[in-house]
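A.B. asks: Going left to right, the sequence shown walks through residues 33 to 147 as the working numbering numbers them. This is the structure I have questions about; it appears just below.
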Amino acid sequence: MKSSRQRRGPTSGVPTASAEVCHLSSWPTSRVQSQYLYRLFQAYAHGATVSAWIRHQRLEAARRDLADPALRAVPVHRIGTGWGFTQHAVFSRAFHAAYGLPLSDYRHRALSAEQ
């Protein structure tokens, strides 16, 4: 699996990308059937959809980057773009919904706690 420093692009081709993440791309067929992948996620991700799980992983990675003192100089929108959120407003709303804070407030609190 890729580390939080290796960025993922937008989620076009979600089933194929998900198969790669789950190490299923080495199976005899080059593409895992979407239906099978979705069934796996129903069991593994407690009913979450594939796209919801991927979005959560991207938000978690962005959250870690926002709290990383080494990335303090990187603009918030760049962190979002690096994790596949091509529109800042979408990134901002998704982050606020997931963590209950605006992006800048979360970053400020996380970096202040490090000092």
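Every residue, glycine too, gets a C-beta built ideally from N, C-alpha and C.
Give the secondary structure of alanine 129 by DSSP, where H, G and I count as helix, E and B as strand, and everything else as coil.
C.D. replies: Here residue 129 corresponds to residue number 97 of the sequence shown, with the count starting at 1. Helix, per DSSP.
A.B. asks: Anyone know if the C-beta pair for leucine 135 and leucine 91 falls short of 8 Å?
C.D. replies: The residue you call residue 135 lines up with position 103 of the sequence shown. The residue you call residue 91 lines up with position 59 of the sequence shown. No.
A.B. asks: Give the C-beta separation of arginine 87 and alanine 145 to the nearest angstrom, bearing in mind that I take them to be a contact with Cβ-Cβ under 8 Å.
C.D. replies: Residue numbering aside, residue 87 sits at position 55 when the sequence shown is read from its first letter. Residue numbering aside, residue 145 sits at position 113 when the sequence shown is read from its first letter. Actually they are not in contact, since the Cβ atoms of arginine 87 and alanine 145 sit about 26 Å apart, beyond 8 Å.
A.B. asks: Only counting runs of 4 or more residues, tell me where the alpha helix (DSSP H) segments fall wholly within the segment 63 to 117, in order along the chain.
C.D. replies: Listed in chain order, the complete alpha helix (DSSP H) runs (minimum 4 residues) inside the segment 63 to 117 are 66 to 76, 82 to 98 and 108 to 114.
A.B. asks: For proline 101 versus leucine 133, is the C-beta spacing smaller than 8 Å?
C.D. replies: By 1-based counting over the sequence shown, the position of residue 101 is 69. By 1-based counting over the sequence shown, the position of residue 133 is 101. The answer is no: Cβ separation not under 8 Å.
A.B. asks: Buried or exposed: where does glycine 79 fall if 16 or more other Cβ atoms within 10 Å of its Cβ makes it buried?
C.D. replies: One-based indexing of the sequence shown puts residue 79 at position 47. So glycine 79 counts as exposed.
A.B. asks: Count the other CB atoms within 10 Å of the CB of alanine 93; is the residue buried (16 or more) or exposed (fewer)?
C.D. replies: By one-based count along the sequence shown, residue 93 stands at place 61. Flag for alanine 93 reads buried.
A.B. asks: Compute the beta-carbon to beta-carbon distance between tyrosine 70 and valine 82, rounded to the nearest angstrom, for a pair I have assumed lies under 8 Å.
C.D. replies: One-based indexing of the sequence shown puts residue 70 at position 38. One-based indexing of the sequence shown puts residue 82 at position 50. Contact flag correct, Cβ pair sits at about 6 Å.
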